[in-house]
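Novice: Mind having a look at this structure? Questions to follow.
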Amino acid sequence: MSDHSRRRAKKLVYKIQWVGYNGKDHSWEPAAKITGLVPQMKEEYDEMHELYCEQRQLYGFDEFNQGSFATYATWNEQFLFRIPESIPSAEAAPLMCAGAAVYSALRSSGVQWYHRVGVLSLGGLGHLAVQYAAKMGCHVTVCSHSSGKEEAARNLGASEFQVMGDTSPSSRAVDCLLLTGAQKPDWFQALSLVRRGGVISAITVDSSELRCSYGDILMNATRVQGSLPAAPNVQREMLSFSALHEIKPIIEIFPFTEDGIDEAMEKLRQGKMRYRGVLAMDA
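Using the UniProt record's numbering, read the sequence shown as starting at 1 and increasing by one per residue.
Listed below in structure tokens is the structure:
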């Protein structure tokens with residue numbers, strides 16, 4: 001027997017990464033907390049771009065018989081995700097939407113620990129964006145129209161706070177700017193915040209026209225991109241990252257009743273929700 005053969009004959013220790021049924025990486029225990037996002041896609045897209053398949057079916061736009069106000073749902077197991085034990089259900093719900101949205105945007109923007117990240121508006125999306133970017137090691141600047149949000153921004157991990165309209169030399173100071181506000185941003189102002197070669201990631205849903213200076217984008221090599229939450233592999237990564245770094249949404253819980261839904265929706269309409277509303281069956 002050769003030396004190489006003898007080496008191969010030694011004992012080995014294997015670590016089992018996945019256990020599933022019928023060759024699949026899915027094995028749910030009774031009462032496991034799971035959640036779903038995109039029920040169907042085509043195979044020509046890679047794992048990072050499954051959400052952009054031409055024949056996609058998106059939650060909220062397709063299959064209207066299954067929605068957030070249901071007690072039970074039936075989903076394709078390929079798009080179900082186990083929630084880490086350390087994340088309560090009430091916190092998991094906002095993470096699976098808002099958390100996935102901002103985490104996916106940071107990933108697709110190529111953000112690394114040495115980058116400066118700007119978060120435009122500190123709200124339901126923004127308060128999570130600050131936490132993720134800070135835990136990634138980034139220098140985080142929160143831009144807001146209200147100076148009263150500075151303390152909250154710094155408590156969440158922001159290194160800097162800038163009131164919109166400030167024309168100080170530090171204005172063009174971020175490599176990546178996340179647009180997380182409920183209202184359409186001032187694009188001319190947004191472009192002024194980003195360094196040359198930087199990226200602006202639009203996360204807020206808005207169907208109105210995008211109006212900005214073509215010259216600013218051209219001369220400063222600015223990349224403007226949209227981002228949806230989130231491909232399955234990114235969704236799982238987000239959940240693990242959230243559990244590891246104890247990233248938590250700031251939530252208000254309402255009972256999952258007709259009155260509770262009305263109360264939550266009214267608070268949302270008034271713009272008084274801080275920062276995500278959760279309907280809970282056990283509230």
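Built from N, CA and C at the ideal position, the CB exists for glycine as well.
1) According to DSSP, residue 163 sits in a beta bridge with which residue or residues?
2) Judging by CA-CA distance, which residue of 52, 254 and 86 is the nearest neighbour of residue 243?
3) Have a look at 122, 53, 55 and 93 and flag the residue whose alpha-carbon is nearest the alpha-carbon of residue 279.
4) Which residue comes first and which comes last in the beta strand (DSSP E) that contains residue 201?
5) Taking the alpha-carbon positions, what's the residue 173 to residue 152 distance?
6) Quick test of the definition: if touching needs 3 or more C-beta pairs under 8 Å, does the segment 116-133 touch the segment 233-249?
7) Let me check you understand the geometry: is the CB of residue 156 closer than 8 Å to at least one non-hydrogen atom of the ligand NAD?
8) Would DSSP call residue 255 helix, strand or coil?
9) Does the contact criterion of 3 or more C-beta pairs under 8 Å hold for the segment 198-214 versus the segment 223-239?
10) Would residue 176 and residue 199 be called neighbours here (beta carbons separated by less than 9 Å)?
11) In the DSSP output, which residue or residues are listed as bridge partners for residue 277?
12) For a quick check, are the C-beta atoms of residue 191 and residue 213 less than 9 Å apart?
13) Between residue 78 and chain B, is any beta-carbon pair separated by less than 9 Å?
14) Could you give the distance in angstroms between the alpha-carbon of residue 163 and the alpha-carbon of residue 276?
15) Whose C-alpha, out of 137, 258 and 187, is nearest the C-alpha of residue 223?
16) Is residue 5 helix, strand or coil by DSSP?
17) DSSP three-state label for residue 117, please.
Specialist: Looking at the atomic coordinates:
1) Within the sequence shown, numbered from 1, the residue matching residue 163 stands at position 163. 144.
2) Start at 1 with the first residue of the sequence shown, and residue 243 comes out as number 243. Residue 243 has its Cα closest to that of 86, out of 52, 254 and 86.
3) Within the sequence shown, residue 279 is the residue found at index 279, counting from 1. For the residues 122, 53, 55 and 93, the minimum Cα distance to residue 279 belongs to 93.
4) The residue you call residue 201 lines up with position 201 of the sequence shown. That run of the beta strand (DSSP E) goes 194-202.
5) Here residue 173 refers to the residue found at position 173 of the sequence shown. Here residue 152 refers to the residue found at position 152 of the sequence shown. Computed Cα separation, rounded: 21 Å.
6) A contact exists between the segment 116-133 and the segment 233-249.
7) Absence of the ligand NAD from the depicted structure is noted, as is the absence of any ligand whatsoever, leaving it without description.
8) Translated into positions along the sequence shown, residue 255 becomes position 255. Here residue 255 sits in strand by DSSP.
9) yes
10) Counting from 1 along the sequence shown, the entry for residue 176 is found at position 176. Counting from 1 along the sequence shown, the entry for residue 199 is found at position 199. Yes, Cβ-Cβ distance for residue 176 and residue 199 is below 9 Å.
11) Against the sequence shown, residue 277 aligns to sequence position 277. DSSP, once it has assigned bridges, lists 252 as partnering residue 277.
12) The count along the sequence shown starts at 1 and reaches residue 191 at position 191. The count along the sequence shown starts at 1 and reaches residue 213 at position 213. Cβ distance < 9 Å, so residue 191 and residue 213 count as in contact.
13) Among the chains of the structure shown, chain B does not appear; only one protein chain is present.
14) Against the sequence shown, residue 163 aligns to sequence position 163. Against the sequence shown, residue 276 aligns to sequence position 276. Taking the straight line joining both Cα atoms gives about 23 Å.
15) To locate residue 223, count along the sequence shown from 1; it is residue 223. Minimum Cα distance to residue 223 is reached at 187.
16) Taking the sequence shown and counting its residues from 1, one reaches residue 5 at position 5. With a pLDDT of 41 at residue 5, under the threshold of 50, the predicted position of this residue should be treated as unreliable, though the coordinate-derived value follows. Correct three-state label for residue 5: helix.
17) On the sequence shown, position 117 is the one that residue 117 refers to. Correct three-state label for residue 117: strand.
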